[in-house]
Each structure stands twice: as C-alpha cells, then as structure tokens.
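S.K.:
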Amino acid sequence: MNTTQSGNSLAVVPKVISPTVHGVIDYCHAAFFFTVGGLSARARNKGAARAAFATGGFILVQSC
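By my numbering, the letter at position 63 of the sequence shown is numbered 63, and the numbering carries on one by one without gaps.
1. Along the chain, where does the alpha helix (DSSP H) containing Ser63 start, and where does it finish?
2. Hey, quick one: how far does the alpha helix (DSSP H) through Ser25 stretch, first residue to last?
3. Does the Cβ-Cβ distance between Gly37 and Gly56 come in under 9 angstroms?
4. Do Leu60 and Ala30 have their beta-carbon atoms positioned less than 9 angstroms apart in this structure?
5. If I'm right that Phe53 touches Phe34 with Cβ under 8 angstroms, what's the distance once you round it to whole angstroms?
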C-alpha cells in the first residue's frame with residue numbers, strides 16, 4: 001500500500017459550508033451546552049452542569 005502523498009490532496013475536496021456558517025454553527029453549539037449546563041444546575045445535577053459548561057467553554061475557545 002502506498003502511503004506517500006503527492007501534491008495537495010485537499011484541493012479536490014469541495015467546500016460544503018462557508019467559514020461564516022461554520023462560525024454560526026460553533027456559537028449555536030456552545031449556546032446549547034451552556035443552556036444544558038443551566039438546566040442541569042437548576043436540577044441540582046452538579047456533575048452534568050460542570051461538564052456542560054466545560055464543553056461549551058471549550059467550543060468557544062476552539063472557535064476563536
């Protein structure tokens with residue numbers, strides 16, 4: 001099996017969404033996790049709330 005790459009193999013991959021749309025999806029994804037964190041905190045499930053807030057924060061950091 002040949003594992004070497006020649007040229008730009010990503011040039012043939014079509015762009016499905018624009019960077020702007022990708023950014024909007026990232027922020028919606030983070031907002032979802034912050035909402036779940038708030039709902040979990042209200043239900044007194046501290047572990048789930050911490051995990052949801054951490055995930056939302058991670059998504060925001062990665063999207064910048």
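Note that beta-carbon positions come from the ideal geometry of N, C-alpha and C, so glycine has one too. Please read all numbers here as calculations on a predicted model, not as lab measurements.
M.R.: The relevant details are as follows:
1. Lys46 to Ser63
2. Sequence check: residue 25 is Ile here, not Ser. Pro19 to Arg42 is the span of the alpha helix (DSSP H), which, as asked, contains Ile25.
3. yes
4. yes
5. 7 angstroms
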